[in-house]
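Read through the structure below, which is laid out as structure tokens, and then see the notes.
2 protein chains.
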Amino acid sequence: MNQTVEQCRKALQQQWAGQRIHLGHGAGGKQMDELISGVIAPLFGMTGGPLEDAARLDVAGLGPGRLAMTTDGYVVTPLQFPGASIGHLAVNGTVNDLAVSGAQPLYLSCSLIMEEGLAIETLIDILADMAQAAQQAGVQIVTGDTKVVERGHADGLFITTAGVGWIAQGVDLGIHRIQPGDRLLLSGPLGEHGAAILIARGELALESDLHSDCQPLHGLVKAMLDAGEVHAIRDVTRGGLGSVANEFAQGSNLGIVLDEAAIPVPEEVHGFCDVLGLDVLYLANEGKLLAAVAADAADAILAAMRARPEGEQAAVIGEVVEDHAGRVVVRTTFGSHRILDKLVGEQLPRIC
Amino acid sequence: MNQTVEQCRKALQQQWAGQRIHLGHGAGGKQMDELISGVIAPLFGMTGGPLEDAARLDVAGLGPGRLAMTTDGYVVTPLQFPGASIGHLAVNGTVNDLAVSGAQPLYLSCSLIMEEGLAIETLIDILADMAQAAQQAGVQIVTGDTKVVERGHADGLFITTAGVGWIAQGVDLGIHRIQPGDRLLLSGPLGEHGAAILIARGELALESDLHSDCQPLHGLVKAMLDAGEVHAIRDVTRGGLGSVANEFAQGSNLGIVLDEAAIPVPEEVHGFCDVLGLDVLYLANEGKLLAAVAADAADAILAAMRARPEGEQAAVIGEVVEDHAGRVVVRTTFGSHRILDKLVGEQLPRIC
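Sequence lines, in order, name chains A and B.
Position one of the first sequence corresponds to residue 1 (the working numbering), numbered consecutively onward.
Position one of the second sequence corresponds to residue 353 (the working numbering), numbered consecutively onward.
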């Protein structure tokens with residue numbers, strides 16, 4: 001028995017006594033942060049600065065930190081929706097976590113937790129989607145596992161993928177590198193994934209042509225790295241732009257200013273948010289990234305992004321400042337300013 | 353759209369039309385084999401011989417196949433049971449999948465799918481178990497993910513870990529290396545994990561001192577590799593010895609003879625199986641392995657195993673023959689012979 005883990009276990013149990021997991025603990029916002037930084041990171045000894053989307057590994061024979069590893073569980077409902085399925089998500093989500101760490105995605109593992117009664121035709125559809133997404137992203141699914149739980153003890157199908165990628169010599173992306181003056185580049189319009197999922201659930205009497213934006217971003221990241229000095233990238237998924245901007249601000253202990261008028265939002269998503277009272281800045285995406293880049297490289301990097309289909313509508317949407325350290329401020333379209341906090345609670349559960 | 357995946361999707365959907373997932377598809381036996389070899393392997397292009405517990409990866413800068421990757425999902429119920437918890441399992445199970453591939457386990461990822469309402473004290477307990485198991489096995493948990501699903505849509509907590517390990521130059525373990533004459537070595541007594549779980553469920557009016565045998569096996573494997581020529585190793589988990597022996601027989605297309613009298617089974621497990629009508633050869637373990645080793649190295653390897661606590665009760669329990677290719681035959685304690693088939697259906701669901 002290790003004394004330190006034992007002490008940590010007891011102290012945490014006292015601190016969290018009587019509390020229970022709620023949906024906010026998986027939402028990408030404040031409560032999830034508290035669970036990760038307050039429980040998981042201390043127990044697992046993940047204490048070396050802000051947590052990134054992928055870990056950099058040291059392996060004998062390779063230079064230090066030249067291998068990246070990441071994992072994500074996917075619990076989206078419904079399993080299939082306009083533009084993609086849980087299968088596409090499970091590949092592209094993990095590919096993107098590697099990509100935004102500067103890694104070339106290479107290999108994926110795939111663990112399936114299936115509910116008794118799942119139609120095998122549906123499973124085949126979803127696995128075929130995974131195979132196609134893997135081919136498109138140039139990665140190989142090399143190992144897997146299958147578990148089945150009794151009817152009523154899971155929800156159709158949960159998929160967890162892990163990914164391994166290779167980081168080229170000299171590539172060093174991370175929130176620790178963000179500097180005052182950095183420009184913030186968003187790769188495209190927000191909210192399509194979140195809106196498409198919500199409409200697919202059929203609980204709203206809404207119709208729309210919205211499709212999930214689920215797509216791999218490693219090619220876009222490579223083009224950006226080739227074009228100029230990139231400091232940090234995150235894919236903008238659950239918790240939306242608001243959460244990623246806050247991770248940038250808190251992790252760097254600098255201020256972030258976002259220019260609302262510069263943030264691309266499709267007309268249809270705008271309307272959708274207006275009707276439902278949702279904030280597009282917290283809406284999930286599955287094929288968009290936010291980058292902090294050196295000011296003098298911003299034009300070149302933006303041009304490189306716009307030259308690719310995944311970055312066609314990329315825009316400079318803000319910058320990093322020394323003021324209001326750790327906070328995100330939005331310059332609204334009306335010219336006023338508002339603080340954009342991390343998402344509290346759960347805007348839309350089971351989005352990925 | 354890739355034509356081959358599309359064709360595969362359609363052909364498989366026709367072939368499996370109307371069928372549904374049942375518990376046997378996750379049991380480690382025949383139906384799981386059919387799902388993996390009939391659906392998953394063709395879609396994912398895993399067609400290079402018998403599937404191993406871990407994949408060997410090629411990474412630029414390292415020799416080919418010098419990195420191993422594996423994943424497992426854990427859905428055991430109850431979450432905590434005598435001797436271990438889902439946390440110990442999630443670390444040791446994945447460590448062992450790397451170990452039996454000849455890899456030194458290095459890094460793990462950890463994906464949590466939690467049910468709304470899970471007590472955070474329970475979560476802390478289980479994550480602390482993971483941290484301790486990781487320290488004991490000498491691996492680092494480097495990256496993770498948390499998802500929460502609504503009450504009633506999962507069963508407390510599912511954990512998926514993936515693992516990355518490093519394979520020393522010249523190590524080549526795999527079912528393809530099994531040869532006629534190989535001796536089969538089992539590292540210790542069978543059935544403790546399966547029996548402990550079933551008793552912990554409290555549905556039987558049984559009391560016992562049985563504990564799960566959950567433990568890491570990489571140290572044992574290293575001692576075996578140092579002692580002599582090992583051809584293939586598998587950890588003996590769900591599906592039990594019967595399933596692993598069948599994987600050896602089918603994957604090598606050779607015959608396996610097991611000597612029932614030589615197989616160590618604790619007295620209490622024997623009694624438990626008698627009462628419930630269970631076959632100990634299909635009962636799950638979480639800290640045992642079966643190895644096929646060169647005949648002339650068997651004594652030295654057995655001695656090396658017995659010199660370690662994980663292999664104290666190791667025994668030679670059978671051999672590989674040219675007869676009855678692809679089948680496992682048990683020489684019973686009465687001197688008769690019986691064919692030991694793969695497990696059909698599900699002896700004990702949610703065992704790991």
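Cβ atoms here follow ideal geometry from the backbone N, Cα and C, with glycine treated the same way.
Within its chain, find whatever has a CB closer than 7 Å to the CB of VAL447 (chain B); leave out the 5 residues flanking it on each side and keep chain order.
-> PRO457, ALA489, VAL491, GLY515, PRO568 and HIS570
In chain order, what residues of the same chain lie with their CB nearer than 6 Å to the CB of GLY639 (chain B), ignoring the 5 residues before and after it?
-> ASP565, CYS566 and GLN567
Determine the contact status of LEU281 (chain A) and GLY240 (chain A), defining contact as a CB-CB distance below 8 Å.
-> yes
Reducing DSSP to helix, strand and coil, say where LEU112 (chain A) ends up.
-> strand
At which residues does the beta strand (DSSP E) containing THR498 (chain B) begin and terminate?
-> 492-501
On the DSSP bridge assignment, give the partners of GLY219 (chain A) in chain order.
-> GLY219 (chain A) is not bridged to any residue.
List the whole-angstrom C-beta distance separating LYS147 (chain A) from GLY425 (chain B), where the pair is believed to meet the contact cut-off of C-beta under 8 Å.
-> 5 Å
CB contact below 8 Å: LEU479 (chain B) versus chain A | yes
Would GLN359 (chain B) be called buried (16 or more neighbouring beta carbons within 10 Å of its own) or exposed?
-> exposed
Taking just the CA atoms, how far does ALA393 (chain B) sit from ALA363 (chain B)?
-> 14 Å
From A:GLU268, A:ALA300, A:ALA292 and A:ARG327, pick the residue whose C-alpha is nearest to that of ILE317 (chain A); which is it?
-> A:ALA292
Nearest-angstrom Cα distance between LEU700 (chain B) and LEU628 (chain B)?
-> 12 Å
Where GLU620 (chain B) falls: helix, strand or coil (DSSP) = helix
Rounded C-beta distance between VAL75 (chain A) and PHE158 (chain A)? I'm assuming under 8 Å.
-> 5 Å
Per DSSP, the bridge partner or partners of SER85 (chain A) | A:GLN80
Going by CA-CA distance only, name the one from A:GLU229, A:VAL5, A:LEU343 and A:LEU79 that's closest to ASN246 (chain A).
-> A:LEU343
Smallest Cα separation from GLU260 (chain A): which of A:LEU190, A:THR237 and A:GLN31?
-> A:LEU190
Ends of the beta strand (DSSP E) at MET421 (chain B)?
-> 419-426
Is the CB-CB distance between ALA314 (chain A) and LEU173 (chain A) below 8 Å?
-> no
Residue nearest to GLY545 (chain B) in terms of C-alpha spacing, selected from B:LEU387, B:SER560, B:ASP410 and B:GLN602 | In the sequence under discussion, the amino acid at residue 545 (chain B) is His, which differs from the Gly named in the question. Per the Cα distances, B:SER560.
Is it true that the CB of ILE478 (chain B) sits closer than 8 Å to the CB of ILE438 (chain B)?
-> yes
May I have the straight-line CA-CA distance separating THR77 (chain A) from MET657 (chain B), to the nearest angstrom?
-> 48 Å
Cβ separation of VAL257 (chain A) and VAL244 (chain A), assumed to be a contact under 8 Å, to the nearest whole Å = 15 Å between Cβ atoms; not a contact.
What in chain B is Cβ-close to CYS214 (chain A), meaning under 9 Å?
-> Residues of chain B passing the Cβ test: none, with the nearest at roughly 15 Å.
Nearest to THR513 (chain B) (by Cα), restricted to the options B:ASP651, B:VAL573, B:LEU464 and B:ALA547 = B:LEU464
Where in the segment 612-689 of chain B do unbroken runs of the alpha helix (DSSP H), each at least 4 residues long, occur, reported from the N-terminal end onward?
-> 619-628 and 650-658
Taking the DSSP output, what are the residues bridged to GLN135 (chain A)?
-> In the DSSP output, where bridge partners are listed per residue, GLN135 (chain A) has none listed.
For GLN731 (chain B), is the classification buried or exposed, using 16 other Cβ atoms within 10 angstroms of its Cβ as the cut-off for buried?
-> With chain B covering 353 to 704 only, the question about residue 731 (chain B) has no answer from this structure.
Hey, is ARG658 (chain B)'s beta-carbon within less than 8 Å of any beta-carbon in chain A?
-> no
For ASP235 (chain A), the three-state DSSP class (helix, strand or coil) | strand
Measure from the C-beta of LYS640 (chain B) to each C-beta in chain A and report whether the shortest distance is under 8 Å.
-> no
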